[in-house]
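Enquirer: In our numbering, the protein residues as written are 123 to 442. We treat Cβ as the ideally placed atom computed from N, Cα and C, and that holds for glycine. As the structure is a prediction and not an experimental result, all values here were calculated from the model.
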Ligand SMILES: [Ca+2]
Ligand SMILES: [Ca+2]
Ligand SMILES: [Ca+2]
């Protein structure tokens, strides 16, 4: 009798302890780590394997709140050059400005970290499943558009970033959409551009080199995009400065990324450098007395660059 009673009370203790462990595993851990669904699935699988043919106990679905606040995990599309762009201009789409959870890095689908997928046109069903905005047109986190001559103005691009691998919040994802803004009114050196810019393509840039933009004075410049290759990289000075009007005032500056072989100079907006190429050119144009205005731009750079192309989206100014 005594030993029987002893066995049954220790069995009750074990059941109580096991019960507490399960409550802890099911309720406390998921809430504190945001891995509710994963843990729930794992426990269901374990229960199934332990108790064989018995139905698994449906456990509550716990929302992965930690990754849905938009504060530590948010998808952001960076388009370079900054819009508007010229029709046919190569655009770079990047997820680089997205906010991803601390300790995670961008990876490929199936890796460990955060992977990227793009639907490059949310109005077109490219995989033929009848859904226009679920396509995976690319899984690169940074990609270039084709140098298409067709007009992609107004096309909406969707980026999804998703946590993958055996990490906290795995499976959580965020999406965002960006609209492509291009314009037909462009100054550049290809036949489809409304105004032909000459003498810039192929120019080799060294320190103190001057590029001359010839633009009609009745336009309002909306952006200045200069694509260059890095011919000789000088590690001593990664900065590039441009002075519109050669008046000693810097109107644009930026860093050369030595891991890349190109430098895309794009206006406007930067918190660390002046980004005033478009504004400065508009100011220069306003003071111009001739219909075609010659605008000098002085380069300050220790690295040697070569201009591949220059694209200047603009609108025609309505004279007062
Ligand atoms: Ca699509
Ligand atoms: Ca589809
Ligand atoms: Ca200047």
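Based on Cα-Cα distance, which residue from 337, 429, 382 lies nearest to residue 405?
Expert: Nearest C-alpha to residue 405: 337.
Enquirer: May I ask which residues mark the beginning and end of the beta strand (DSSP E) holding residue 349?
Expert: For residue 349, the uninterrupted beta strand (DSSP E) run begins and ends at 347-354, by DSSP.
Enquirer: Over the uninterrupted alpha helix (DSSP H) stretch that includes residue 259, give me the two end residues.
Expert: Residue 259 -> no alpha helix (DSSP H), and no H or E assigned at all.
Enquirer: Report the rounded CA-to-CA distance for residue 358 versus residue 371, giving the unit in angstroms.
Expert: 23 Å
Enquirer: Let me check understanding here. Comparing Cα to Cα, which of 275, 223, 228, 261 lies closest to residue 211?
Expert: 275
Enquirer: Taking 8 Å as the cut-off, does the CB of residue 299 come closer than this to any heavy atom belonging to ligand 2?
Expert: no
Enquirer: Quick check: is any heavy atom of ligand 2 less than 8 Å from the C-beta of residue 247?
Expert: yes
Enquirer: Looking at C-alpha atoms only, which residue of 437, 433, 420, 285 is the closest neighbour of residue 313?
Expert: 433
Enquirer: In whole angstroms, what separates the C-alpha of residue 380 from that of residue 387?
Expert: For residue 380 and residue 387, the distance between alpha carbons rounds to 15 Å.
Enquirer: Quick check on DSSP: helix, strand or coil for residue 408?
Expert: Looking at residue 408 - three-state DSSP - the assignment turns out to be helix.
Enquirer: First and last residue of the beta strand (DSSP E) that includes residue 363?
Expert: 361-366
Enquirer: Whole angstroms is fine: what's the gap from residue 226's alpha carbon to residue 236's?
Expert: 7 Å
Enquirer: Is it the case that the Cβ atoms of residue 327 and residue 333 are separated by a distance below 9 Å?
Expert: yes
Enquirer: Counting only the same chain and skipping the five closest in sequence on each side, list residues whose C-beta sits under 6 Å from that of residue 389.
Expert: 345, 346, 397, 399, 400
Enquirer: If you draw a straight line from the C-alpha of residue 425 to the C-alpha of residue 264, how long is it?
Expert: 25 Å
Enquirer: Can you look up residue 432 in the DSSP assignment and give me helix, strand or coil?
Expert: strand
Enquirer: Going by beta-carbon coordinates alone, are residue 331 and residue 367 separated by less than 9 Å?
Expert: Not in contact: residue 331 and residue 367 (Cβ atoms no closer than 9 Å).
Enquirer: Per DSSP, which residues does residue 324 bridge with? Please list them.
Expert: Answer by DSSP bridge pairing: none, since residue 324 is not bridged.
Enquirer: How would you write the range of the beta strand (DSSP E) that residue 237 sits in, first residue to last?
Expert: In the DSSP annotation of this structure, the continuous segment of the beta strand (DSSP E) that includes residue 237 starts and ends at 235-241.
Enquirer: Secondary structure at residue 403, three-state DSSP: helix, strand or coil?
Expert: helix
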